[in-house]
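What follows is a short report on a single structure.
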Amino acid sequence: FLQEKITKLFDKLSKRGLLSEQDIDDALKDIRIALLEADVHYRVVKELLESVKQKVMGEELAKSINPSQFLLGILKAELIRIMGDPAPVKINGTGDIVMLVGLQGTGKTTTAVKLAKYMKDKRGLKPYLVSIDFNRPAAQEQLITLAKANGFPVNEDISSKGYEALKDLRLVSARQGCDFIIVDTAGRLHIDTALVSELKQVKETLNPAQTVLVVDSMMGHDVLKMAEGFMQGVGYDGAIFTKFEGDTRGGAVISFRKIIDKPIFYTGIGEAVSALEPFDPDKLVARIIG
Amino acid sequence: LSDRTDGAPIDRERYTDELLSLDMSFSIAERLLNEKETHGKQPVDTLKDRMKQILVSAPLIEPKCGILMIGINGSGKTTSIAKLGKWYIDRGHSVIVGAGDTYRAAAIEQLSILSDRVGMDMVKAMPGVDPASVIHDTIMAYKHRSKDVVIADTAGRLHTNVNLVHELKKIKSVMTKAMAGDKMATYLIVDATIGKNSFQQAKLFNENIGIDGIIITKLDGTAKGGIIFTICDELKIPVVAIGTGESAGDFMVFDKDKFVEELFV
Ligand SMILES: Nc1nc2c(ncn2[C@@H]2O[C@H](COP(=O)(O)OP(=O)(O)OP(=O)(O)O)[C@@H](O)[C@H]2O)c(=O)[nH]1
Ligand SMILES: Nc1nc2c(ncn2[C@@H]2O[C@H](COP(=O)(O)OP(=O)(O)OP(=O)(O)O)[C@@H](O)[C@H]2O)c(=O)[nH]1
Ligand SMILES: [Mg+2]
Ligand SMILES: [Mg+2]
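Protein chains in written order, with my numbering: chain A, 2 to 291; chain B, 41 to 305.
Structure representation (structure tokens):
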């Protein structure tokens, strides 16, 4: 862990007396490698180290009693600042639509049902689920199976292979006594202009209260291109990071927050429908620093 | 990465950033760029050669054989079975698949649709049934129907989930026993968009289950899958194929020279 590395480094350095600028640069190099190994984008690492170095130089680290803790404290504060606060998905019980978008296999379909459960349990809102994934084999069946297993109303008319399912969506949902609607979409690449513009058109038709980007927490450098691509092509209000319960350091979360600056609503922490919790910035920072 | 041929030495900082952006590890990037320039050779060509030397490739297993597909959730296992199946079918072999994901919603339906499309037999059971028993029954069908290739699908799982890794060990041992001497390969499906965690996956799955080859998927996106340099360098596990799209035809045998060349523009 970074904490151990930096503490070791400074213990070694402080034996030689006062810290020089070179010593600080050595420590920053160790931090750089640790952040890169944690999958933080190299651009974000540079910006982060710049701001840490500025704060460190201005604070007379060399004279500090415990330089390693001091330096790590600055880094930690910087990371926490970047994380921002978790935010809830902004929906009311007035037929609001939440649309889930993202790359293939990130967990959209599973997260759709998790979000339904979360809103029902925490806010008493009754969800209506619908899939407009007409591409992936058995995508509709997957959402229907999950929804029914958890007692949520779901569109079961999978015969219409088009956007017929969206025509009277709010009406259908209201008729079933539902308060809000979750729309699952097919995974797609941010560079697939046809599919991205199709999604944009669907968004304009639906006018969702919230569009949520569903992201795999283990993503590497591609997170920025992907997040920027979806923002330009479709637009979204925030993200849910899935598969967060593994041993990934989650650097993609930091990169996303630093560059995109949209809130992170929740993290997926398992395959179970209950495995969704509000984004916890401290947990993520602890994975990197220790 | 810029493919310059003007003989000028490489701009270390710029090339380091470019290599890092492929999800290559810092230590390998440094190593590649710190080695002395080779005389008489374009610096970029020297870099390419060193990159190619790190990669390990191997051919796909030859029939008659069995293949166990493993990997984390959403990496592309089920879709890759369709691709692999089609690859063998195009070369005149018959393929049977086992619906070994008895857990995830509509996993069996998904594989069933793909099997019909590509022309593979499929053995399945009710959801919730022990995956090892479905795979065992699939191998029996592979033998009785004299199929050339049997491919077993498994549910996605994280390498950190002790119970699921244990389940996978059992699946593999049941499959090995059922194959009764026929060749078998375990392929790890790696999603190119994932960063350093793919190395952890390869390391832990290899330690616990044993991996014979890697298929790296989703290379049709903007991710480059540079983590395979670390996987090949440290674990010496070969890459056997790549996935380049969602259709059964979006599949290629791994060519390490081509892979490296395509990282440069
Ligand atoms: N371990 C873990 N697995 C998850 C999590 N969220 C989803 N999954 C699993 O990830 C895999 C992919 O999930 P899906 O819901 O099918 O993903 P998707 O984005 O809808 O996929 P496409 O529709 O093909 O783009 C499944 O095996 C899920 O069970 C999570 O938080 N943790
Ligand atoms: N663009 C692209 N998408 C792919 C590729 N391979 C798979 N996919 C997509 O990724 C998503 C997940 O693929 P699956 O085959 O269901 O993945 P899996 O590993 O079986 O998932 P689980 O069984 O849930 O763990 C689907 O939408 C696939 O179409 C690829 O090479 N390129
Ligand atoms: Mg889906
Ligand atoms: Mg699957």
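Cβ atoms here follow ideal geometry from the backbone N, Cα and C, with glycine treated the same way. Computed from a prediction, not measured in an experiment: that's the story for all the values here.
| Check | Outcome |
| --- | --- |
| Sub-8 Å separation of B:I254 and B:I271 beta-carbons | yes |
| Contact set between B:S61 and chain A, taken where Cβ atoms lie within less than 7 Å | Y43, H222 |
| Beta-ladder partner(s) of B:K223, from DSSP | B:C105 |
| CB contact flag (B:S97, B:M109, <8 Å) | no |
| A:V155 - partner residues in DSSP beta bridges | A:L130 |
| Buried or exposed (CB count within 10 angstroms, at least 16 for buried), A:T206 | exposed |
| Cutoff 8 Å: B:T178 Cβ touching any chain A Cβ | no |
| Reduced DSSP secondary structure (H/G/I, E/B, other) of B:A21 | Nothing about residue 21 of chain B can be reported from this structure: the residues present for chain B run from 41 to 305 only. |
| Beta-carbon proximity of B:S65 to A:H222, cut-off 8 Å | no |
| B:P99 in three-state terms, based on DSSP | coil |
| Close-in-space but distant-in-sequence residues of the same chain around A:A210 (CB under 7 Å, 5 per side omitted) | K91, I92, D97, I98, V99 |
| A:V173 - DSSP class collapsed to helix/strand/coil | helix |
| Spatial neighbours of A:R176 in its chain, beta-carbon cut-off 7 Å, leaving aside the 5 residues before and after | none |
| Check: A:R137 C-beta below 7 Å from any heavy atom of ligand 3 | yes |
| Within-8 Å CB hit, B:G114 to chain A | yes |
| Where the alpha helix (DSSP H) through B:V300 begins and ends | 296 to 301 |
| Close beta carbons around B:G285, own chain, < 6 Å, minus the five adjacent residues each side | D260 |
| Extent of the continuous alpha helix (DSSP H) to which A:I92 belongs | Looking at the DSSP string, A:I92 is not in any alpha helix (DSSP H), and its letter there is neither H nor E. |
| Where B:A192 falls: helix, strand or coil (DSSP) | strand |
| Residue nearest to B:A263 in terms of C-alpha spacing, selected from B:M160, B:K236, B:N201 | B:K236 |
| Partners in chain B for A:I34, counting only beta-carbon separations shorter than 7 Å | F66 |
| Opposing strand residues paired with B:D231 [DSSP bridges] | B:T257 |
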